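Read through the structure below, which is laid out as structure tokens, and then see the notes.
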Amino acid sequence: MFLTSLTLEGESLPDDYPFTVPCIQALSTLAFDAPVTILVGENGSGKSTLLEAIACGMKCPAIGLSDLSRDPMLEDARRLAKQLRLSRSSNPKVKLFFRAEDAIGFTRRMTENIRDLDELKTEFSESLSGYGRALAMGAMEGQKAGIISRYGENPDALSHGEWFVNILRERIHSKGLYLLDEPETPLSPIHQLSLLSIIKEAVSLGAQFLIATHSPIIMAYEGATIYNLDNTTITKTAWEDVEHVSLMRAFLADPSSFLRHL
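Be aware that the sequence shown starts at 194, since it is given in this note's numbering, and climbs by one per residue.
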């Protein structure tokens, strides 16, 4: 593992958000003793806040955003990150912080980049000639081909789930540290299984994952350490004891008994 533990430091912490979140108040030292660590809890439990702070502390780039210090939405996470001591055994070759909203923005930028390159090709074709025209056209074609080879010619032609899986498959490599914040958001159950396959292959090659999720499918990753952030203390939890799992099992066993009381 690259990141082995985190410790919340400081005898007197601020009395405002995010330090008032119960799981942050309960935080002392958290160990990352497995290649995959999963943070679970209800909305508002603090799992995304903690993951964002780790991402800021580790200086993980996000999809389409190389520097998290420029994201105004992460100001609270950066404040928390300053109070965290992140212990590591070594530095990963690759780092990535993945949020669904970043991937949506990244999709738009890739589509716009392809369109802009096509417009530049047309402009250069009309305004340049000879060797200069050939150089300019070649540069535009090379950049467009690079985007298409990695992400496809028309990202908008894919569903969100297909596109997100493509992005993750392209960006997740061996010996990297990957922080995924609710990656199931755009993914069908089938695509969540595809994500687990990507994670399994990367782990076999030395990658480490920290994942905040509501998905019982993703929580079921074999060998993962699961931390429950719903209580006044952060506790290790078995998959079958996670509330999301037991609730989903009960609902699928008898959905009508739930629906009649809505």
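The beta carbon of each residue, even a glycine, is placed where N, CA and C say it ideally should be.
Quick caveat, the model's predicted, so the values are computed rather than measured.
Item: Helix, strand or coil at K288 according to DSSP, with G and I counted as helix; Value: strand
Item: Cβ neighbours of S282 in the same chain (closer than 7 Å, five flanking residues each side left out); Value: M194, F195, T197
Item: A405 vs S221 beta-carbon contact at 7 Å; Value: no
Item: Stretch pair the segment 224 to 236 + the segment 406 to 420: three plus CB contacts closer than 8 Å; Value: yes
Item: Alpha carbon of G274 to alpha carbon of C216, nearest angstrom; Value: One point to set straight first is that residue 274 is Ala, not Gly, in the sequence displayed. Near 15 Å, if we compare the C-alpha coordinates of C216 and A274.
Item: T428 beta carbon less than 7 Å from that of I419; Value: no
Item: Neighbourhood of V287 by C-beta distance below 6 Å, restricted to the same chain and skipping five residues each side; Value: H366, G369
Item: Whole alpha helix (DSSP H) elements within the segment 367 to 415, 4-residue minimum; Value: 382 to 397, 409 to 412
Item: Reference F210, options R271, A446, H407, closest by Cα; Value: A small correction: the amino acid at residue 210 is Tyr; Phe does not occupy that position in the sequence shown. Answer by Cα proximity: R271.
Item: Extent of the continuous alpha helix (DSSP H) run through A443; Value: 436 to 446
Item: Rounded straight-line distance, which links the Cα of D374 to that of L455; Value: 30 Å
Item: Beta bridge counterpart(s) of Y210 as assigned by DSSP; Value: Answer is none; Y210 lacks a bridge partner.
Item: Status (buried if at least 16 other CB within 10 Å, exposed otherwise) for P448; Value: exposed
Item: T200: first and last residue of the uninterrupted beta strand (DSSP E) it sits in; Value: 196 to 201
Item: Pairwise C-alpha distance: P379 and A395; Value: 21 Å
Item: Alpha-carbon to alpha-carbon, L388 and Q401; Value: 14 Å
Item: Under 7 Å between C-beta atoms of G331 and Q276; Value: no
Item: Run of the beta strand (DSSP E) containing R278, from where it starts to where it stops; Value: 277 to 281
Item: C-beta atoms of C253 and F290 nearer than 7 Å; Value: yes
Item: Beta-carbon proximity list for V182, same chain, < 6 Å, skipping 5 on both sides; Value: One cannot answer for residue 182 here, as it falls past the ends of the chain, which runs 194 to 455.
Item: Sheet register partners of T418 (DSSP bridge); Value: T230
Item: Local conformation of T426 per DSSP, three classes; Value: coil
Item: Whole-angstrom distance between W432 and S439, CA atom to CA atom; Value: 9 Å
Item: Alpha carbon of I360 to alpha carbon of I392, nearest angstrom; Value: 13 Å
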